[in-house]
Amino acid sequence: MPKIILASASPRRQELLNQINIRHEIQIVEIDESPLQNELPANYVQRLAAEKATTCMNKFKSNLPILTADTAVVLGDKIMGKPKSKNDACDMLRELSGNTHQVFTAIALFGKNSNSALSITDVTFRTLSENEILAYWDSGDPLDKAGSYAIQGLGSVFIERINGSFSGVMGLPLFETAQLLALEGIEVIL
């Protein structure tokens, strides 16, 4: 029996829930993920996580708690979404090269209560060569990834250091997730 609904198509979020033994079922919801004008990154990911939870709750009418998340890669005040093309991905990687950016991941858990949390992690990239950027694109790893990279994949070789949550950069900060689950009476370690 599932303990929660995960309203996400992300295989990484599914893997992370499996890692902490939280049984779940998948219900995918689609919402407009466009940032609002002048929307701050923290507000952006928190709004999307809450909208996904509300949309899932209204669509599927389940008694199970609903967990959602949204992740954004942010350089300065620029929110970097998923790449739309090879040029878009390579441009993002050039901007991240040799810089420290932040990864904002908001989670929402709607059940008996409605709670949310925010994880912010600093990620420092080493300087990337043009050949590395193009080869990385050719690997297929940047597809469908915020900021055009995956910390748990080949892109990990670009990361000089992180300060914060590794699982948050993957898309589901497990520390915060466990705290929200506990508020719903779902203990991770039993």
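Whatever position you read off the sequence shown (first residue = 1), add 442 for the working numbering. Ideal placement from N, C-alpha and C gives every residue a C-beta, glycine not left out.
- The continuous alpha helix (DSSP H) containing I575 extends over residues 572–581.
- The C-beta distance from P477 to I521 rounds to 6 Å, short enough to fall under 8 Å.
- Taking the Cα of V515 as reference, the smallest distance to any Cα among L622, S590, N485 is reached at S590.
- Within the stretch 504–536, the beta strand (DSSP E) runs of at least 3 residues that lie entirely inside it are, in chain order, 508–517, 520–522.
- Our two residues, L625 and N555, have alpha carbons roughly 8 Å apart in a direct line.
- In this model, C498 and L538 are separated by some 34 Å (Cα to Cα).
- A451 is a Cβ neighbour of I470, given a cutoff of 7 Å.
- Contact between the stretch 489–509 and the stretch 564–580 is absent, with fewer than three C-beta pairs closer than 8 Å.
- Taking every protein chain shown into account, the CB of E629 has fewer than 16 other CB atoms within 10 angstroms, so this residue is exposed.
- With respect to A550, V487 sits apart: the two C-beta atoms are not nearer than 7 Å.
- In the structure shown, the three-state DSSP call for Q469 is coil.
- Counting along the chain, the unbroken alpha helix (DSSP H) around R489 starts and ends at 483–502.
- Take the alpha-carbon of G540 and the one of R465: they are about 39 Å apart.
- Rounded to whole angstroms, the separation of the alpha carbons of N485 and N573 is 36 Å.
- Residue nearest to T513 within the set L623, R454, Q621, V599 is R454 (criterion: CA-CA distance).
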